[in-house]
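For what it's worth, our numbering labels the leading residue of the sequence shown as 1, then goes sequentially. Beta carbons are placed, not taken as given, at the ideal position from N, Cα and C, and that holds for glycine. Source: prediction; values computed, not measured. One structure is given here, and the rest of the page talks about it.
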Amino acid sequence: MTENILVTGGAGFIGSNFVLDWIAAGLGPVVNLDALTYAGNPENLATLEGDPAYTFVHGNICDAALVERLLAEYRPRAVVHFAAESHVDRSIVGPEAFLKTNIDGTFTLLRAARSYYDGLVGEERERFRFLHVSTDEVYGTLTPEAPAFHEETPYAPNSPYAASKAASDHLVRAWVHTYGLPAVVTNCSNNYGPYQFPEKLIPLMISNALEGKGLPVYGDGKQVRDWLYVGDHASALRVVLERGRIGETYNVGGGNQRTNLEVVTTLCELLDELVPQSKFRPHQQLVKYVTDRPGHDRRYAIDARKLEGELGWRAQESFETGLRKTVEWYLANAAWVADVTSGAYQQWLTKNYAARTTLAAGEGAR
Ligand code: NAD
Ligand code: TYD
1 MTENILVTGG AGFIGSNFVL DWIAAGLGPV VNLDALTYAG NPENLATLEG
51 DPAYTFVHGN ICDAALVERL LAEYRPRAVV HFAAESHVDR SIVGPEAFLK
101 TNIDGTFTLL RAARSYYDGL VGEERERFRF LHVSTDEVYG TLTPEAPAFH
151 EETPYAPNSP YAASKAASDH LVRAWVHTYG LPAVVTNCSN NYGPYQFPEK
201 LIPLMISNAL EGKGLPVYGD GKQVRDWLYV GDHASALRVV LERGRIGETY
251 NVGGGNQRTN LEVVTTLCEL LDELVPQSKF RPHQQLVKYV TDRPGHDRRY
301 AIDARKLEGE LGWRAQESFE TGLRKTVEWY LANAAWVADV TSGAYQQWLT
351 KNYAARTTLA AGEGAR
C-alpha cells in the first residue's frame with residue numbers, strides 16, 4: 001500500500017477545499033476521481049497542476065472497471081467519498097441523477113473497495129479506511145425547540161436528495177456489518193466558503209447582489225440552517241480519517257444556527273461595507289420573497305459533541321469570520337464565478353426561478 005488516498009468528487013466545492021488543504025499540509029498524494037458534472041470544476045485545483053502529489057482522473061464513480069483499476073493501480077490507504085449530486089432543488093426537478101450517482105455510485109465504490117480490502121494483509125489491512133461524506137439532511141427536519149441532530153437520531157429524509165444520501169449511508173453501514181469493510185460515516189450541516197457553486201444560498205445571494213439582481217428568499221425565510229465553514233469541515237474529515245472508529249458515524253456542525261433571512265441580511269451588510277461604491281446599496285432592498293421549495297425542511301441543527309469529545313475536533317471559524325472570508329473570496333474571484341455560471345447554469349436559473357412567483361409584501365415574510 002502507498003500513502004495515496006483516493007478522493008471522489010474532488011473537483012466540487014467541499015472536495016476541492018479538502019484536497020487543497022490535504023496537499024498543503026503535506027499529508028500525502030491524492031488521486032481525484034471526478035466526472036466533472038456542472039458542479040465539478042478543475043479550475044478549483046489549478047494551483048496543483050504539475051504537482052506530483054496530485055493526479056486527476058476524469059471518470060464516473062458508477063464505472064466499476066475504472067474504480068477497480070484505480071484501486072489496483074494506486075493502492076490507496078483510504079477512499080474519501082465526496083462525489084454526489086448535492087443540490088436539493090435539482091433533486092426535486094430531476095431525481096434520477098441523484099439515485100444514479102448517490103446510490104448506484106456509492107454501491108459501485110463499496111463493492112470495489114471491499115474486493116480491494118479483501119486482498120490486503122497485515123498493516124495495510126489495519127490501516128485502510130473508507131470515509132463516506134454525508135449530510136444532516138438524512139435526519140429530516142426539526143421543530144424550533146427540538147434538540148439538535150445527534151448520531152442516534154432516526155433517519156427521516158424528506159427530499160429526493162436526502163433520501164438518496166440516506167440510502168447511501170445505509171449501504172455503507174451494511175458493508176461494515178456484513179462484509180467488515182472498515183468504513184466511517186460523517187453527517188455534516190450546510191457548508192459555506194470558497195469554490196461553492198452559486199446555485200446554493202450563500203454564493204447565489206452574493207453573486208445576485210453584486211449584479212443588482214433580486215435575492216430570492218423561499219417562503220417566509222425563517223428556515224434555520226446550521227452553517228459550517230468548509231475549512232472546518234475539511235479538518236473534521238482529517239481527524240475522522242485518522243482516529244475515527246470503524247463503523248461509527250460522526251456529526252459535524254459549526255454551531256451556527258441562523259434563519260435564511262438572517263444569513264441574507266448579514267451578507268447584504270457585508271456587501272454594503274466591502275463594496276461601498278455599489279449602486280445597489282443598501283443591498284437589502286434586493287430581497288424578494290418567492291414561492292417556497294416543496295417539502296422544505298424547516299430547521300437543521302447539529303450536535304457535534306461526539307466528534308468534539310472523542311476526537312478533540314473544534315470549529316475554528318465563527319459564522320462572522322467565516323462569512324467575511326467567504327464574501328472577500330467571491331469579490332476577489334469574480335472571474336471564477338463568471339466562468340462557472342456561463343452556459344448551462346443559465347438554463348437552471350430559468351428552470352428553478354422563472355416558475356416561482358414573487359410573493360406580495362407580507363405574504364412571504366409572515
Ligand atoms: P458539489 O456538488 O459541489 O460537488 C460534487 C462533485 O462530485 C463534483 O465535482 C462533481 O463533478 C462530482 N460528481 C458528481 N457525480 C459524479 C459521478 N457520478 N462520478 C464522479 N464524480 C461525480 O458537492 P459538495 O457540496 O462539494 O458536496 C460534497 C459531498 O458532501 C456530497 O456527498 C454532499 O452530499 C455532502 N454534503 C454537502 C454539504 C454542503 O453544504 N455542500 C452538506 C452536507 C453534506
Ligand atoms: P441550499 O443552499 O440549497 O442548501 P440546503 O437546501 O441543502 O439546506 O439552501 C439553504 C437554505 O436556503 C434552504 O432553506 C433553502 C434556502 N434558499 C432560498 O431561500 N433561496 C434560494 O434561492 C436558495 C438556493 C435556497
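Nearest by alpha-carbon distance to residue i: which of the options is it?
i, options, result
"L20", "T55, A35, L201", "T55"
"K165", "R305, P95, K351", "P95"
"L237", "E3, T2, N4, N17", "N17"
"N333", "I206, Y218, H283", "I206"
"L274", "D226, H296, L210", "L210"
"F82", "I5, T47, G247", "I5"
"L110", "N44, Y195, A78", "A78"
"T291", "G59, K306, D89, G140", "D89"
"E145", "T2, Y250, F128, A301", "A301"
"P370", "R324, N187, G231", "Since the first residue of the chain shown is 1 and the last is 366, residue 370 is not available in this structure."
"R245", "T265, L181, G212", "L181"
"F306", "E73, Y218, A148, G231", "For the sequence presented, residue 306 should be read as Lys rather than Phe. Residue A148 is the option with its Cα nearest to K306."
"A39", "D226, I14, Y229, P76", "I14"
"D335", "P198, A174, S134, H150", "The amino acid occupying residue 335 in the given sequence is Ala; Asp does not appear at that position. Comparing Cα-Cα distances from A335 to each of P198, A174, S134, H150, the minimum goes to P198."
"A174", "R127, G247, H150, W227", "G247"
"T266", "Q316, E126, L323", "L323"
Throw me the rounded Cβ distance for the residue i and residue j pair, which I believe falls under 8 angstroms.
i, j, result
"P42", "A11", "6 angstroms"
"R299", "L142", "4 angstroms"
"D272", "R258", "So it is not a contact: roughly 18 angstroms between Cβ atoms."
"T106", "L171", "6 angstroms"
"D169", "V138", "6 angstroms"
"T341", "K288", "No, T341 and K288 are not in contact; Cβ-Cβ is about 20 angstroms, not under 8 angstroms."
"P294", "I92", "6 angstroms"
"Y195", "N44", "5 angstroms"
"N256", "F319", "4 angstroms"
"E3", "P29", "6 angstroms"
"A304", "N251", "5 angstroms"
"V80", "V7", "5 angstroms"
Could one say the Cβ of residue i lies closer than 8 angstroms to chain E's Cβ atoms, at least one of them?
i, result
"T135", "This model lacks chain E altogether, as it is built from one protein chain only."
Going straight from the alpha carbon of residue i to that of residue j, what length do you get?
i, j, result
"G254", "V224", "13 angstroms"
"Y330", "I103", "32 angstroms"
"V31", "Q285", "45 angstroms"
"C268", "L70", "45 angstroms"
"P160", "Q277", "42 angstroms"
"Q347", "A167", "29 angstroms"
"W22", "A360", "48 angstroms"
"G140", "A46", "37 angstroms"
"R366", "D220", "Here R366 scores only 45 on pLDDT, less than 50, and its place in the model should not be relied on; the value that follows carries that caveat. Cα to Cα, R366 sits roughly 6 angstroms from D220."
"G50", "L201", "34 angstroms"
"A344", "T350", "10 angstroms"
"A24", "A355", "44 angstroms"
"H283", "G212", "8 angstroms"
Would you check whether the ligand NAD has a heavy atom nearer than 7 angstroms to the C-beta of residue i?
i, result
"G254", "no"
"T249", "no"
"E85", "yes"
"D232", "no"
"F98", "no"
"V67", "no"
"F149", "no"
"V133", "yes"
"R165", "What sits at residue 165 in the sequence shown is Lys, not Arg. Indeed, a heavy atom of the ligand NAD lies less than 7 angstroms from the Cβ."
"N60", "yes"
"C268", "no"
"T33", "Position check: residue 33 holds Leu in this sequence, whereas Thr was assumed. Answer for L33: yes, Cβ within range of the ligand NAD."
"L36", "yes"
"F128", "no"
Bridge partners of residue i, per DSSP?
i, result
"K279", "In DSSP, K279 forms no bridge with anything."
"I302", "F149"
"K351", "None, per the DSSP bridge assignment."
"L228", "N191"
"T135", "C188"
"Y375", "Lying before the first or after the last residue shown, residue 375 is absent from the chain, which here runs from 1 to 366."
Does the beta-carbon of residue i, which I'm using as the reference point, lie nearer than 7 angstroms to any heavy atom of the ligand TYD?
i, result
"E337", "Note that residue 337 corresponds to Val in the displayed sequence, not to Glu. No, the ligand TYD has no heavy atom inside 7 angstroms of this Cβ."
"P216", "yes"
"R225", "yes"
"H296", "yes"
"V340", "no"
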